[in-house]
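Enquirer: Would you mind keeping the following structure in view while I ask a few things?
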Amino acid sequence: MESIEQTFNGTGDFGRKVQCPVVRNGDLITKMYLRVAISAGDSTAVTTGNWNNVQWAWVTSLGHALIDNVELEIGGTRIDKHWGDWLTIWNELSRKIGQDRGYNTMIGNVPALTTLAQAHPAYVLWVPLRFFFCRFDGLALPLIALQYHEVRVNFEFVAVENLINFQQIGTGGAKALANALGLAMTSCSLYVDYIYLDSEERKRFAQASHEYLIEALQYPGAESVVGLASKIRLNLNHPCKFLIWTTKLGRYSNGSSFIGNAGRFALAFAASGSAPTNANSNIYTGEEGQVAFVTVDSNGVIVPRSASLQAIYNYMQPVLIATENGVGVAEVNNVTLLGVALSEVFLSTPTSQYTSSTVVTFADGHTITADLSTRNSDTGNEGASKFDIFIQQYDNFGNQLDGSENPVLQALLQLNGQDRFDQREGQYFNYVQPWQCFSNTPSDGINVYSFALNPEEHQPSGTCNFSRIDNATLSINFGRLRADGDAESYYQSNYIGSNGTATSVWAVNYNVLRVMSGMAGLAYSN
């Protein structure tokens, strides 16, 4: 066996579609890896668009996120198609825990890329593909028997402006920042593992007909969610091993700005420290054109303009450290928010904005665990807007910014009008089913229902033939499962009601790939 690099027809880069014909360098092919080299970016060298010294980062799981879709073609016919989201979902369910560090390094899910900073290095990504012959060596694709059909792998990449998180201090948004930083793929290729046969095996593979029981992915497309309940018609075919459904809230996938960053918190800390000696007053950030950041009541207690921030301020006050001889400066060192270490931030505001002589310093290494999943727009754009971070999260299927809380409260599967089971809570599909049937319990929001006893194995152990079902529907109720849960109206308007909120249903089915007379095709169409 040998891994050989394949080149694309055209130049692979963000936002482009490219094709990769698989060269006949061996007899069979099995595993495939997309190799992408990305350029470095340093905002300290930027001189356009006011982006100088901006804090920015790549999205988490960049190797998955940069793939919009990847398609396997044989003889011009699509055999299977995967999406970047599917690579994330499948890894969550089937990964080997002992290889987490290596896999995260391969797909760029490392602090060197995902931590907000002014500069990030050049990096090489290795993304394993998950087609049937990649996962099972026994199903290696016989190039030696495909004399008249070409094997192609087609990629569509996501635009670079949708793959970065950044501090909005410049003009033109994410696209302008990406251009200013010069972010691009410096090289892109596909590595394919070839298997070589001896002369007798080669002759047998080349002359005989073959039938492979293969697995393929069905994804009818995302369904928009506009209310607290959704009924999705499942337009599926073939014997399916299992169903997976996920919901992506628009608030985390459309580049919304969030308050959870060190710059805003530095100002909040300073405001909190000033509050006890500034009763019945307003505290400003010093940012031109901004309204009062917070007000202070008669008891010297902070009153945010948005009630949704009150819990955050209540949490911060006990950990403030006051010092003497202050000069109106707030300093935050190595603050960790939601597991992402933010680099040092130093903010200086005019002393006229603070009548107190208190300087607030946040203790090094402290971790904020309060709920920080509040968009800037949810707070009426309350102060310090230039310190907010615009966030894209492709691997967040939860209610919160850290991916926690399954948005699915209950789900019900109906086949031809009959309940497949009684309506069950989301925790059953998020935790119980994966525990029963898969190698890992996935992150919150990845819901599973398996018809197979062992769905990760190729050997069939149970299916549901959707080709024989005229009407299949999945009914889902959305919400938050917590003791102090938000009112339904608030959840709908601020979570489900976010632009771009959608639910996706995925199914893995069996089919038969026939290889004969130098050509290949699927035995059963949709």
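Residue numbers are given in UniProt numbering: position 514 of the sequence shown equals residue 514, and the series is strictly consecutive.
Glycine included, C-beta positions come from ideal geometry on N, C-alpha and C.
1. Report the residue from Pro128, Phe242, Tyr252, Gly26 whose alpha carbon sits nearest the alpha carbon of Leu146.
2. Among Leu412, Gln414, Tyr449, whose alpha-carbon lies nearest the alpha-carbon of Asn430?
3. Please report the distance separating the alpha-carbon of Leu217 from that of Leu34.
4. Along the chain, where does the alpha helix (DSSP H) containing Glu150 start, and where does it finish?
5. Measuring alpha carbon to alpha carbon, tell me which residue in Asn494, Gln459, Glu425 is nearest Arg135.
6. DSSP beta-bridge partners for Ile89?
7. Consider the Cβ of Ser439: report whether some Cβ of chain D lies at a distance smaller than 8 Å.
8. Considering Pro434, what are the terminal residues of the alpha helix (DSSP H) in which it resides?
9. DSSP beta-bridge partners for Asn396?
10. So the beta strand (DSSP E) Pro111 belongs to, where does it begin and stop?
11. Taking the alpha helix (DSSP H) that Met516 belongs to, which residues open and close that run?
12. In three-state DSSP terms, what is Tyr495?
13. Under a Cβ-count criterion, where at least 16 other Cβ atoms within 10 Å of its own Cβ denotes burial, should Leu453 be classed as buried or exposed?
14. Of the residues Asp419, Leu234, Gly445, Leu522, which one's Cα is nearest the Cα of Val505?
15. Quick check on Thr379: does DSSP put it in helix, strand or coil?
16. Return the chain-ordered ranges of every beta strand (DSSP E) run that is complete within the stretch 27-102 and spans a minimum of 3 residues.
17. Tell me which residue opens and which closes the beta strand (DSSP E) that Ala520 is part of.
18. Go ahead and pull the three-state DSSP assignment for Arg480.
19. So, is Asp419 buried or exposed, given that buried needs 16 or more other C-beta atoms within 10 angstroms?
20. Nearest by alpha-carbon distance to Val54: which of Val151, Gln99, Gln118 is it?
21. How many whole angstroms separate the CB atoms of Leu197 and Phe205, which I take to be in contact at a CB cut-off of 8 Å?
22. Alpha carbon to alpha carbon, what distance is there between Thr47 and Pro276?
23. Hey, would you say Val192 sits closer than 8 Å to Met32, going by beta carbons?
24. CA-CA distance, Phe421 and Gly479?
25. When you compare only the Cα positions, how much space is there between Tyr524 and Asp42?
26. If you draw a straight line from the C-alpha of Ser443 to the C-alpha of Ala208, how long is it?
27. Comparing C-alpha positions only, which one of Ala65, Asn9, Gln436, Ala37 sits nearest to Tyr394?
28. Please check the pair Val225 and Ala502, which I expect to be a contact at CB under 8 Å, by giving their CB distance rounded to whole angstroms.
29. Run through the DSSP bridge pairs and tell me what His120 is partnered with.
30. In the DSSP assignment, what are the bridge partners of Thr473?
31. When DSSP builds the beta bridges, which residues end up paired with His458?
32. Which of helix, strand or coil does DSSP assign to Ala178?
33. For Glu405, which three-state DSSP category applies?
34. Take the Cβ of Ile97 as the centre, count every other Cβ of all protein chains shown within 10 Å, and call the residue buried at 16 or more, exposed below.
35. Quick check: Ile391 and Asn165, are their CB atoms within less than 8 Å of each other?
36. Is Ala216 helix, strand or coil by DSSP?
Expert: Looking at the coordinates:
1. Nearest Cα to Leu146 within the set Pro128, Phe242, Tyr252, Gly26: Gly26.
2. Of Leu412, Gln414, Tyr449, the residue nearest in Cα terms is Tyr449.
3. Cα-Cα distance, rounded: 19 Å.
4. Taken as a continuous stretch (DSSP letters only), Glu150 belongs to no alpha helix (DSSP H), as it is neither H nor E.
5. It is Gln459.
6. DSSP, once it has assigned bridges, lists no residue as partnering Ile89.
7. Included in the structure is just one protein chain, with no chain D present.
8. First-last of the alpha helix (DSSP H) with Pro434: 433-437.
9. Per DSSP, Asn396 has no beta bridge partner at all.
10. Here Pro111 belongs to no beta strand (DSSP E); instead the alpha helix (DSSP H) covers 111-114.
11. Not the alpha helix (DSSP H): Met516 falls in the beta strand (DSSP E), residues 502-516.
12. Helix, per DSSP.
13. When all chains shown are included, Leu453 counts as exposed.
14. Put simply, of Asp419, Leu234, Gly445, Leu522 the residue whose alpha carbon is nearest the alpha carbon of Val505 is Leu234.
15. Caution is warranted here: a pLDDT of 48 is assigned to Thr379, below 50, making its placement in the model unreliable, and the coordinate value is therefore given only provisionally. DSSP places Thr379 in helix when its eight states are reduced to three.
16. Within the stretch 27-102, the complete beta strand (DSSP E) runs of at least 3 residues are 28-38, 56-58, 67-74, 77-83.
17. Segment 519-522, the beta strand (DSSP E) holding Ala520.
18. Correct three-state label for Arg480: coil.
19. Flag for Asp419 reads exposed.
20. Of Val151, Gln99, Gln118, the smallest CA-CA separation from Val54 is found for Gln118.
21. About 6 Å separates the Cβ atoms of Leu197 and Phe205, confirming a contact at the 8 Å cut-off.
22. Only weak support is given to the placement of Pro276: the predicted model assigns it a pLDDT of 49, under 50, and the value that follows is read from those uncertain coordinates. So the alpha carbons of these two residues sit roughly 42 Å apart.
23. Cβ distance < 8 Å, so Val192 and Met32 count as in contact.
24. So the alpha carbons of these two residues sit roughly 21 Å apart.
25. About 52 Å.
26. Cα-Cα distance, rounded: 45 Å.
27. Check the Cα spacing between Tyr394 and each of Ala65, Asn9, Gln436, Ala37: the tightest is with Ala65.
28. In this structure Val225 touches Ala502 by the C-beta definition: roughly 6 Å separates them, less than 8 Å.
29. Here His120 is bridged, per DSSP, to Gly41.
30. Looking at the DSSP output, Thr473 sits in a beta bridge with Arg233, Gln414.
31. DSSP lists no partner for His458.
32. Assignment of Ala178 by DSSP, reduced to helix, strand and coil, places it in the helix class.
33. Looking at Glu405 - three-state DSSP - the assignment turns out to be coil, as it is neither helix nor strand.
34. For Ile97, the number of other beta carbons within 10 angstroms of its own is below 16, and it is reported as exposed.
35. A contact, by the Cβ cut-off of 8 Å.
36. Ala216: strand per DSSP, three-state reduction.
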